[in-house]
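So in the working numbering, spot 70 of the sequence shown is number 81, and the numbers just go up one at a time.
Glycine residues also receive a C-beta, built at the ideal position from the N, C-alpha and C atoms.
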Amino acid sequence: MKNIYKILIAFVGVLAVSCNADDVEDRPVIEAAKAPVLLTPKSDFSIVLQSTNAANAATTFVWDDAQYQGTETIVTYSLEMAKAGTNFASPSVVATTTDKFKSFTVAELNSACLNAGFAPFKAAQIDVRVKSSVGATGALGQVSNFYTITATPYPAWPNWGIIGSATPNGWNDPDTNLDYDLATKKYSYVGPLVVGEIKFRLDDAWTTNFGDDGNDLTLDAGGANIPIPVAGNYTIVIDFTAKTYTIKMN
């Protein structure tokens, strides 16, 4: 009887091994075969983005599909941006799709540039590429060639500037644009000022402007010009919500 049990146990073991082997052999295999190829836009593409035409078409990224061998599966494409010359060390994924193209309006491309870390009002050299993958975990990634495009984004926040006889452009247009800190929600100017006066205004117009009637670091709508008594390099930080500012010579 013991011998019969041993034979049965051995038989079951062999059957289990055989089934596992069959499962491995029958399991569908997918392998990367050919990376996607980015077709457009190419490195001669340059655009200055403007809020006045935010709804207009900006460009369409188009690529040849990636190829995978084995069981048919859905391929997902990620469009990546990175600062030119960084070899995509820290890429920003600006779109994900299963199509072989991605169209952007001016507003959408502007948001993509800002989210990728490119500053407004400055022409940015941007490396763009497409990465393909399969499955929920993004397996078997393949990356395309890349092109370097040029884009000048606009701020997606109120456009405040500094103007006045103490600023680089004097009282003439255009304003010197203020930098915006997404974390603190404050604006700043770091740079040279000469002896003279300054004010802050919105959208390069006098409709909304701030000065300081008491020269007490509190902003007043339409207030007096802020004096700059000594020439030098300054750091000015402005909180338009609290209506306060700080100014110091570097």
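**Item:** Given 8 Å, three or more beta-carbon pairs between the region 73-82 and the region 184-197
**Value:** Taking a cut-off of 8 Å on C-beta distances, the region 73-82 does not touch the region 184-197, as fewer than three cross pairs fall below it.
**Asked** Would DSSP call A68 helix, strand or coil?
**Response** Strand, per DSSP.
**Message:** So, with DSSP's three-state summary, where would you put N121?
**Reply:** In the three-state reduction of the DSSP assignment, N121 falls in the helix class.
**Asked** Rounded to a whole number of angstroms, what is the C-alpha to C-alpha distance between A46 and Q153?
**Response** Looking at the two C-alpha atoms, the distance is approximately 5 Å.
**Asked** Which same chain residues, not among the five before or five after V40, have their C-beta less than 7 Å away from its C-beta?
**Response** So the list reads G81, once near-sequence residues are dropped.
**Prompt:** Can you give the Cα-Cα distance for S186 and S89, rounded to whole angstroms?
**Reply:** Correcting the residue type first, residue 186 is Asp in the shown sequence and not Ser. Going by the C-alpha atoms only, they are around 38 Å apart.
**Asked** Exposed or buried, what is V104 when buried is set at 16 or more other beta-carbons lying within 10 Å of its beta-carbon?
**Response** Exposed, by the Cβ-count rule.
**8 Å Cβ shell around V206 - same chain, five flanking residues per side excluded** = Only A177, I239, P240, V241, A242 meet the Cβ criterion.
**Prompt:** Hey, would you say T159 sits closer than 8 Å to I137, going by beta carbons?
**Reply:** A contact, by the Cβ cut-off of 8 Å.
**Item:** Residues bridged to S57 (per DSSP)
**Value:** Paired residue(s): T161.
**Request:** Measure how close the beta-carbons of S122 and T71 come, nearest whole angstrom, since I'm counting them as under 8 Å.
**Result:** That belief does not hold up - the Cβ atoms of S122 and T71 are roughly 16 Å apart, past 8 Å.
**Prompt:** Exposed or buried, what is I247 when buried is set at 16 or more other beta-carbons lying within 10 Å of its beta-carbon?
**Reply:** That one is buried.
**Item:** Straight-line Cα distance separating L228 from F99
**Value:** Their Cα atoms are separated by approximately 43 Å.
**Message:** Within 10 Å of its beta-carbon, does N261 have 16 or more other beta-carbons around it, so buried, or fewer, so exposed?
**Reply:** Counting C-beta atoms within 10 angstroms of its own C-beta, N261 has fewer than 16 neighbours from the protein chains shown and is therefore classed as exposed.
**Neighbour-count burial assignment, E91, 16 or more Cβ in a 10 Å radius** = With 16 or more other Cβ atoms within 10 Å, it is buried.
**Message:** Please give me, in chain order, every unbroken run of the beta strand (DSSP E) with length at least 3 that falls completely inside the region 191-249.
**Reply:** Entirely contained in the region 191-249, the beta strand (DSSP E) runs reaching 3 residues are, in chain order, 197-204, 207-213, 220-222, 237-239.
**Request:** Along the beta strand (DSSP E) that carries A44, what are the first and last residues, could you check?
**Result:** A44 -> beta strand (DSSP E) spans 41-45.
**Message:** To the nearest angstrom, how far is the alpha carbon of K254 from that of W168?
**Reply:** Rounded to whole angstroms, K254 to W168 spans 17 Å at the Cα level.
**Asked** Got a sec, what are the start and stop residues for the beta strand (DSSP E) E91 sits in?
**Response** Counting along the chain, the beta strand (DSSP E) containing E91 begins and ends at 86-94.
**Request:** Just mark I85 as buried or exposed, buried being the case when its beta carbon has 16 or more other beta carbons within 10 Å.
**Result:** Exposed, because fewer than 16 other Cβ atoms sit within 10 Å of the Cβ of I85.
**Prompt:** Expressed to the nearest angstrom, what Euclidean distance is found between the alpha-carbon atoms of Y165 and N244?
**Reply:** A straight line joining the alpha-carbon of Y165 with that of N244 spans about 26 Å.
**Prompt:** What is the C-beta distance between F129 and Y198, in whole angstroms, given that I count them as a contact (C-beta under 8 Å)?
**Reply:** With 8 Å as the limit, F129 and Y198 do not qualify as a contact, their Cβ atoms being about 18 Å apart.
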